[in-house]
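The next block holds one structure in the form of structure tokens; read it before the comments.
Protein chains in written order, with our numbering: chain A, 130 to 365; chain B, 4 to 105.
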């Protein structure tokens, strides 16, 4: 990097390129957009089941007790698999594009430093709890992954970095584990009963737990790595 | 007016406000922020409308979509921010070329 030696403030003042007249016109146009949107929303029936009936009817074949988890990993598992792939692609994009910042981080304040020491283990515990709880109540892989990612971001803010021995294949393995396990399970299901992500009822619970654990780990580490931006292996 | 519908209407309002900021601001960081606000409006519409089911138990399908959507939106925002930083490194400005000419 450093083609530009002149430091550019991130939020330099730029003209918006719009006069107040055209802004007013735009506001009026967007008002009609909103009115159209509101009319569409108001025209919807006051009370609608949506797909709740279908989901409830199939719940005892899903392997879990919470409808959102059942929809995520079982009924619409293909969707979730592709979303995991989107996450992985975004991280690959970020890591190939982002320069590693050599700006020294400001030393963490006493509050951040102390609280992170206190919170990071607690957040790991909460992530594990949310993951386990997802089978029967609100929670699950995405929530657990978000908490895990937040713990990672807090640690990165205090200046902590992954030990260099873990930055190579262990990190890559953890990042791809979610997609790998999910597609592995999908392939296994295709092989054993001919349908992608069609879990047999007696093994559905265990398979969902396996997929969710791998997904939560990958989501958490991916989110923290996205925050870091560049390739952590090139930092030295 | 039922609460779910109110949430959905507020979501529509947030979406429209985000769209306004997205069009008006030339700076890409502001555009990315505005785009995220538009997304939050969409999530609010989905979560609100899922609550229309009688009996207070919401429709789980839109909720599952919102959960994955939030995580994907965070990832997409990170990618957008990195692209913006690269553009700023290359050109010295975090605005699109056509906006700079005006």
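All C-beta atoms, glycine included, are put in the ideal place defined by N, C-alpha and C.
Please read these numbers as outputs of a predicted model, since none were measured by experiment.
With burial defined as no fewer than 16 other Cβ atoms inside 10 Å of the residue's Cβ, what is the status of residue i: buried or exposed?
| i | result |
| --- | --- |
| residue 328 of chain A | buried |
| residue 132 of chain A | Any reading at residue 132 of chain A needs caution, since the residue's pLDDT is 43, under 50, leaving its predicted position unreliable; the model's value is listed next. Burial call: exposed. |
| residue 30 of chain B | buried |
| residue 69 of chain B | buried |
| residue 332 of chain A | exposed |
| residue 130 of chain A | Since pLDDT at residue 130 of chain A reaches only 40, below the 50 mark, its modelled position is unreliable, and the value read off the structure follows with that caveat. Its Cβ having fewer than 16 others within 10 Å, residue 130 of chain A is exposed. |
| residue 258 of chain A | exposed |
| residue 290 of chain A | exposed |
| residue 62 of chain B | buried |
| residue 134 of chain A | Because residue 134 of chain A sits at a pLDDT of 46, beneath the cut-off of 50, its placement in the model cannot be relied upon, and the following sentence gives the value as read from the coordinates. Classification for residue 134 of chain A: exposed. |
| residue 352 of chain A | buried |
| residue 4 of chain B | exposed |
| residue 235 of chain A | exposed |
| residue 110 of chain B | Because chain B here runs from 4 to 105, residue 110 of chain B falls outside it and cannot be looked at. |
| residue 292 of chain A | exposed |
| residue 170 of chain A | buried |
| residue 174 of chain A | exposed |
| residue 301 of chain A | exposed |
| residue 17 of chain B | buried |
| residue 91 of chain B | buried |
| residue 316 of chain A | exposed |
| residue 198 of chain A | buried |
| residue 44 of chain B | buried |
| residue 100 of chain B | exposed |
Can you list the residues of chain B that residue i reaches, using a CB-CB cut of under 7 angstroms?
| i | result |
| --- | --- |
| residue 279 of chain A | Simply none; closest approach about 11 angstroms. |
| residue 209 of chain A | 71 |
| residue 358 of chain A | 85 |
| residue 212 of chain A | 71 and 75 |
| residue 275 of chain A | 74 |
| residue 241 of chain A | Per Cβ cutoff of 7 angstroms: no residues; residue 241 of chain A is ~21 angstroms from chain B at best. |
| residue 219 of chain A | 78, 79, 81 and 82 |
| residue 152 of chain A | 27 |
| residue 159 of chain A | 19, 22 and 23 |
At 8 angstroms on the CB atoms, spell out the chain A contacts of residue i, in chain order.
| i | result |
| --- | --- |
| residue 70 of chain B | 197, 201, 269, 271 and 272 |
| residue 13 of chain B | Within 8 angstroms Cβ-Cβ: nothing; residue 13 of chain B doesn't reach chain A, min ~10 angstroms. |
| residue 53 of chain B | 179 |
| residue 37 of chain B | Here the premise fails: no neighbours, minimum Cβ distance about 12 angstroms. |
Below 7 angstroms on C-beta distance, what does residue i contact in chain A?
| i | result |
| --- | --- |
| residue 5 of chain B | 175 |
| residue 26 of chain B | 155 |
Do you know how far the Cα of residue j is from the Cα of residue i?
| i | j | result |
| --- | --- | --- |
| residue 93 of chain B | residue 87 of chain B | 10 angstroms |
| residue 201 of chain A | residue 287 of chain A | 34 angstroms |
| residue 326 of chain A | residue 343 of chain A | 16 angstroms |
| residue 224 of chain A | residue 211 of chain A | 20 angstroms |
| residue 253 of chain A | residue 314 of chain A | 26 angstroms |
| residue 74 of chain B | residue 216 of chain A | 8 angstroms |
| residue 95 of chain B | residue 227 of chain A | 16 angstroms |
| residue 67 of chain B | residue 312 of chain A | 19 angstroms |
| residue 261 of chain A | residue 341 of chain A | 9 angstroms |
| residue 209 of chain A | residue 71 of chain B | 7 angstroms |
| residue 11 of chain B | residue 46 of chain B | 9 angstroms |
| residue 241 of chain A | residue 251 of chain A | 15 angstroms |
| residue 364 of chain A | residue 98 of chain B | With a pLDDT of 45 at residue 364 of chain A, under the threshold of 50, the modelled position of this residue cannot be trusted; read the value that follows with caution. So the two alpha carbons sit approximately 28 angstroms from each other. |
| residue 269 of chain A | residue 64 of chain B | 15 angstroms |
| residue 167 of chain A | residue 51 of chain B | 13 angstroms |
| residue 238 of chain A | residue 247 of chain A | 14 angstroms |
| residue 245 of chain A | residue 183 of chain A | 44 angstroms |
| residue 350 of chain A | residue 161 of chain A | 43 angstroms |
| residue 180 of chain A | residue 193 of chain A | 18 angstroms |
| residue 89 of chain B | residue 310 of chain A | 33 angstroms |
What does residue i touch in chain B if you count any residue whose Cβ is under 8 angstroms from its own?
| i | result |
| --- | --- |
| residue 178 of chain A | 56, 57 and 62 |
| residue 162 of chain A | 19 and 22 |
| residue 166 of chain A | 15, 18 and 19 |
| residue 348 of chain A | 74 |
| residue 205 of chain A | 64 and 67 |
| residue 352 of chain A | 74, 77 and 78 |
| residue 310 of chain A | Result: empty, since nearest Cβ-Cβ is about 17 angstroms, beyond 8 angstroms. |
Using a cut-off of 9 angstroms between C-beta atoms, extract the partners of residue i located in chain C.
| i | result |
| --- | --- |
| residue 226 of chain A | This model lacks chain C altogether; the protein chains it does include are A and B. |
Check whether the Cβ of residue i lies closer than 7 angstroms to any heavy atom of the ligand NAD, and answer yes or no.
| i | result |
| --- | --- |
| residue 304 of chain A | In terms of ligand content, the structure shown is empty, and the ligand NAD therefore cannot be addressed. |
Give me the Cβ distance between residue i and residue j, rounded to the nearest whole Å; I'm assuming they're in contact under 8 angstroms.
| i | j | result |
| --- | --- | --- |
| residue 159 of chain A | residue 9 of chain B | Between residue 9 of chain B and residue 159 of chain A the Cβ distance is about 20 angstroms, and since that is not below 8 angstroms, they are no contact. |
| residue 273 of chain A | residue 249 of chain A | Going by Cβ atoms, the distance from residue 273 of chain A to residue 249 of chain A rounds to 15 angstroms, so no, they are not a contact pair. |
| residue 295 of chain A | residue 356 of chain A | Not quite, the Cβ-Cβ distance comes to about 17 angstroms (not below 8 angstroms), so this is no contact. |
| residue 178 of chain A | residue 204 of chain A | Contact doesn't hold; Cβ gap of about 16 angstroms is too wide. |
| residue 14 of chain B | residue 48 of chain B | 4 angstroms |
| residue 348 of chain A | residue 307 of chain A | 6 angstroms |
| residue 373 of chain A | residue 330 of chain A | Absent from the structure is residue 373 of chain A, since the part of chain A shown begins at 130 and ends at 365. |
| residue 172 of chain A | residue 55 of chain B | No, residue 172 of chain A and residue 55 of chain B are not in contact; Cβ-Cβ is about 13 angstroms, not under 8 angstroms. |
| residue 282 of chain A | residue 256 of chain A | Their Cβ separation, rounded to whole angstroms, is 13 angstroms, which puts residue 282 of chain A and residue 256 of chain A out of contact at 8 angstroms. |
| residue 26 of chain B | residue 155 of chain A | 6 angstroms |
| residue 219 of chain A | residue 78 of chain B | 4 angstroms |
Using the beta-carbon of each residue, which ones in chain B are nearer than 9 angstroms to residue i?
| i | result |
| --- | --- |
| residue 336 of chain A | Here the premise fails: no neighbours, minimum Cβ distance about 17 angstroms. |
| residue 184 of chain A | 62, 63 and 64 |
Using a C-beta to C-beta distance shorter than 9 angstroms, which residues of chain A count as neighbours of residue i?
| i | result |
| --- | --- |
| residue 8 of chain B | 170, 171, 173 and 175 |
Item to check | At least three beta-carbon pairs within less than 8 angstroms, the segment 83-90 of chain B to the segment 24-38 of chain B | outcome: yes
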